[in-house]
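> Listed in order, the protein sequences are those of chains P and B. Just so we're aligned: the first sequence equals residues 1 to 309 in my numbering. Just so we're aligned: the second sequence equals residues 1001 to 1241 in my numbering. Don't be surprised by glycine CBs; every beta carbon is placed ideally from N, CA and C.
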Amino acid sequence: MKSTSRLILISLLPVFIGSLASWVMATWWTNVPVLLFRLDLAMLTFLTGLLVSFLAGAASFALFFTSRRHIRHLVKANIEHEESRRRFIRHLDHELKNPLTGLQAALANINSATNQQERQLSIENARISIDRLTRLLGDLRKLSELEHRPLEQLPVDVASLLEEMVEAACSLPAHADRKVNLLFSRVPWPLSPVTGDRDLLGLAFFNLLDNALKFTSSADIVEVRLFEQDRQMVIEVADTGCGIPVEDTTRIFEELYRGANARSIPGSGLGLALVRRIVMLHDGYIAVRSQQSSSPGTVFTLRLPLTYP
Amino acid sequence: MLMPTRQTLLLVDDDPSITSGLAAFLERAGFDVTIAADGESALQKHAQSHPDLIILDVLMPRLDGRETLRRLRRAGHWTPTILLTQVGESTERALALEEGADDYLNKPFDPHELLARIRAVLRRSRPGQPSLSAAWILSSGNLLLDRRARRLLLDGKTLNPTPKAFTLLEYLMTHPDECITRQRLLDAVWGWEFPSGARTVDTRIAELRRMLGDDPNHPTFIETVAGEGYRFAAQVSSNLP
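(1) Just by C-beta distance, which residues in the stretch 107-137 of chain P are closer than 9 Å to chain B?
(2) Does any residue of chain P have a CB that is nearer than 7 Å to the CB of B:Pro1241?
(3) Look at P:Arg276 and P:Ile265 and say whether their C-beta atoms are less than 7 Å apart.
(4) Please list, in chain order, the residues of the stretch 1191-1220 of chain B that have any C-beta partner in chain P closer than 7 Å.
(5) If the criterion is Cβ atoms closer than 7 Å, does the pair B:Leu1011 and B:Ile1035 meet it?
(6) Do you know how far the Cα of B:Thr1019 is from the Cα of P:Leu304?
(7) Give the secondary structure of B:Asp1032 by DSSP, where H, G and I count as helix, E and B as strand, and everything else as coil.
(8) Ends of the beta strand (DSSP E) at B:Phe1194?
(9) B:Asp1038 to B:Tyr1104, Cα distance in whole Å?
(10) How would you list, in chain order, the residues of chain B whose beta-carbon sits under 8 Å from the beta-carbon of P:Lys142?
(11) What residue from P:Arg231, P:Gly259, P:Thr240 has the CA that sits closest to P:Ala212's CA?
(12) Any idea what DSSP makes of B:Val1012, helix, strand or coil?
(13) So the candidates are P:Leu306, P:Thr249, P:Thr307, P:Ile244; which of them puts its Cα closest to the Cα of P:Ser295?
(14) Quick one, which of P:Phe215, P:Val156, P:Arg149 has its alpha-carbon nearest P:Ala174's?
(15) Please report the straight-line C-alpha distance between B:Glu1228 and B:His1175, rounded to a whole angstrom.
(16) Determine the burial state of B:Arg1066: buried for a count of at least 16 other Cβ atoms within 10 Å of its Cβ, exposed for fewer.
(17) Regarding P:Arg135 and the ligand NAD, is the C-beta to nearest heavy atom distance less than 6 Å?
(18) In the stretch 279-294 of chain P, which residues sit with their C-beta less than 9 Å from some C-beta in chain B, listed in chain order?
(19) Is P:Ala212 close to chain B? Criterion is C-beta to C-beta, closer than 7 Å.
(20) Note down, in chain order, every chain B residue with its Cβ under 9 Å from the Cβ of P:Glu152.
(21) What does DSSP give as the partner residue(s) for P:Gly297 in the beta ladder?
(22) On the premise that B:Met1211 lies in contact with B:Pro1130, defined as a C-beta separation below 8 Å, what is that separation, rounded to the nearest angstrom?
(23) Any Cβ of chain B within less than 7 Å of the Cβ of P:Glu83?
(24) I need the DSSP call for B:Arg1199, collapsed to helix, strand or coil.
(25) Near B:Asp1032, which residues of its chain fall below 8 Å by C-beta distance, leaving aside the five closest residues on each side in sequence?
(26) Whose CA, out of B:Ala1120, B:Gly1141, B:Pro1219, B:Ala1165, lies closest to the CA of B:Tyr1156?
(27) Report yes if the C-beta distance between P:Ser60 and P:Ile8 is below 7 Å; otherwise report no.
(28) With a threshold of 7 Å between beta carbons, is P:Asp206 in contact with chain B?
(29) Once DSSP output is grouped into helix, strand and coil, what is the label at P:Pro99?
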């Protein structure tokens, strides 16, 4: 506030100088024959001072309001960041509790098992909990490493990478009987490559495909579309599943956030957060459209900048 | 009848739940295990018991694993060592090269994986001599890999592999004549588990083979071990620092 008042005072300085100059010339130099010319000069100085004051005043007000808006924006971002950190810790606590409880139960059962079969079952349950913790830890490490991992910057053939990831997703035992439709727009011109890290982009595509297959049944259709638009490569992963509740669509990219549909489906809760991070590292963009009522379904759209020779 | 001598391991970790569990497992697997809880104690026990191999955690009180290993190497002790950490990208790799660890394993790990790694390191170790992992330049026939300069030469001509393919070849060459699973390669070279893991490794191996002019059916350098992984089949020699 102090600095703004100072700015206004400084901006008014030319007006004072202009007024003073015109008063001095009009009062003291009246005996000179070129009076009219001097009065004009004084008036001109005054008007120039006025104009400069006005411009400087306007600039200082603009600066003042912009900085206030900027501070408000920073405070808001800080509050959001804090809230997101608290949510992350809450979710992490939840994600750790379940497998640990499973492990405790398995250990208790191993101790009290009366026969080999019971013991074997407890060991198997312990292994499931360990796998869950390992997957969570692995995905957390990926997210943290993405922050400082150097990105490979090489031309990537997205079509062949998508084909590879579809094959990898469908070869998982959980999706053994599933099929994914691939629609690549290659006519009349072949698709251009994108520049990036093939392994990371593959991971992003796989996570989207795995989600699409996990949240749909074999009666549903899963489709991957690839085309160029506005100097970008557009990848769409669409499905005719039950859709995502509206309140979840804005938050599914958050770390460990699990939407209402996802709570009963196994996963680390970090898959989409990883996808978003990878896409951002490639200067790309990701969005989701979903509906649950009539014609339910979901479309994830990825946009990546194209490489031109 | 004389019983074969059991090989000795020095297990260094500050977490007793890890050392007691692993020591029991490794004893059952046929090793004699000595435990140390930090780097200083590890140096003392190394001087007393001269183990065949050291398993060294990195984060420890007083003297951490990296510094412990550096002190051992500076003193001219080339006891094979497995460092319990992950070797990620370039800076860590350069550091690892100077540390001179024989292998790396990242926590959490399956004890069976540690056992497999111990056996592999012991098999290829040359008593009292630095391992290939500590060499700056590796050569195999007309192939030369300069680990410091990250340069690869075939018949004196510079090749330009992608950074990942270079690191993959580097790993294979420092573990010659050893069948390395795709999973292990993913863990050691990529540091991550990838969903299409096997394919990810195969793509880079294909890139290397194309570059080296290596025929997969009659390989000179990289051999496919069906259903398992890959093996660097040619002999590797080192130019040590």
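Result, derived from the coordinates:
(1) Ile130, Leu133, Thr134, Arg135, Leu137
(2) Along the second sequence, one-based indexing puts residue 1241 of chain B at 241. Only weak support exists for where B:Pro1241 lies, its pLDDT of 48 falling under 50; the value from the coordinates is given anyway. No, no contact with chain P.
(3) Here residue 276 of chain P refers to the residue found at position 276 of the first sequence. Here residue 265 of chain P refers to the residue found at position 265 of the first sequence. Not closer than 7 Å, so no.
(4) Trp1192, Glu1193, Phe1194, Pro1195, Ser1196, Arg1199, Thr1200
(5) As a working mapping, residue 1011 of chain B is identified with position 11 in the second sequence. As a working mapping, residue 1035 of chain B is identified with position 35 in the second sequence. Cβ atoms of B:Leu1011 and B:Ile1035: closer than 7 Å.
(6) Along the first sequence, one-based indexing puts residue 304 of chain P at 304. Along the second sequence, one-based indexing puts residue 1019 of chain B at 19. Taking the straight line joining both Cα atoms gives about 48 Å.
(7) The residue given as residue 1032 of chain B occupies position 32 in the second sequence. B:Asp1032 falls in the strand class under three-state DSSP.
(8) Against the second sequence, residue 1194 of chain B aligns to sequence position 194. No beta strand (DSSP E) holds B:Phe1194; DSSP gives it neither H nor E.
(9) On the second sequence, residue 1038 of chain B is found 38 positions in, with the first residue counted as 1. On the second sequence, residue 1104 of chain B is found 104 positions in, with the first residue counted as 1. One C-alpha to the other measures close to 18 Å.
(10) On the first sequence, residue 142 of chain P is found 142 positions in, with the first residue counted as 1. The answer, in chain order, is Trp1192.
(11) Translated into positions along the first sequence, residue 212 of chain P becomes position 212. Comparing Cα positions, the closest option is P:Thr240.
(12) Numbered from its first residue, the second sequence carries residue 1012 of chain B at position 12. Reduced to three states, the DSSP call for B:Val1012 is strand.
(13) Translated into the one-based positions of the first sequence, residue 295 of chain P becomes position 295. Nearest C-alpha to P:Ser295: P:Ile244.
(14) Translated into positions along the first sequence, residue 174 of chain P becomes position 174. Cα-wise, what sits closest to P:Ala174 is P:Phe215.
(15) Within the second sequence, residue 1228 of chain B is the residue found at index 228, counting from 1. Within the second sequence, residue 1175 of chain B is the residue found at index 175, counting from 1. B:Glu1228 and B:His1175: Cα-Cα distance of roughly 15 Å.
(16) Numbered from its first residue, the second sequence carries residue 1066 of chain B at position 66. Classification of B:Arg1066: buried, given that the 10 Å Cβ count is 16 or more.
(17) Only the bare structure without any ligand can be found here, which leaves the ligand NAD out of the picture.
(18) none
(19) Working through the first sequence from its first residue, we reach residue 212 of chain P at position 212. No, because no Cβ of chain B sits closer than 7 Å to the Cβ of P:Ala212.
(20) Here residue 152 of chain P refers to the residue found at position 152 of the first sequence. Neighbours of P:Glu152 on chain B, chain order: Thr1162, Pro1163, Lys1164.
(21) The residue you call residue 297 of chain P lines up with position 297 of the first sequence. Paired residue(s): P:Gln291.
(22) For this step, residue 1130 of chain B is matched to residue 130 along the second sequence. For this step, residue 1211 of chain B is matched to residue 211 along the second sequence. Not a contact, Cβ separation roughly 28 Å.
(23) To locate residue 83 of chain P, count along the first sequence from 1; it is residue 83. No, its Cβ sits nowhere closer than 7 Å to a Cβ of chain B.
(24) As a working mapping, residue 1199 of chain B is identified with position 199 in the second sequence. DSSP places B:Arg1199 in helix when its eight states are reduced to three.
(25) The residue given as residue 1032 of chain B occupies position 32 in the second sequence. If we look at B:Asp1032 and ignore the five residues flanking it on each side, its Cβ neighbours are Arg1006, Gln1007, Thr1008, Leu1009.
(26) Your numbering for residue 1156 of chain B matches position 156 in the second sequence. With the sequence shown as reference, residue 1156 of chain B is identified as Gly, and Tyr is not the correct amino acid for it. Of the candidates B:Ala1120, B:Gly1141, B:Pro1219, B:Ala1165, the one whose C-alpha sits nearest the C-alpha of B:Gly1156 is B:Gly1141.
(27) As a first step, residue 60 of chain P must be located in the first sequence, where it is residue number 60. As a first step, residue 8 of chain P must be located in the first sequence, where it is residue number 8. Yes.
(28) The residue you call residue 206 of chain P lines up with position 206 of the first sequence. The question names Asp, yet the displayed sequence has Phe at residue 206 of chain P. Cβ-Cβ to chain B under 7 Å: yes for P:Phe206.
(29) The count along the first sequence starts at 1 and reaches residue 99 of chain P at position 99. Helix at P:Pro99.
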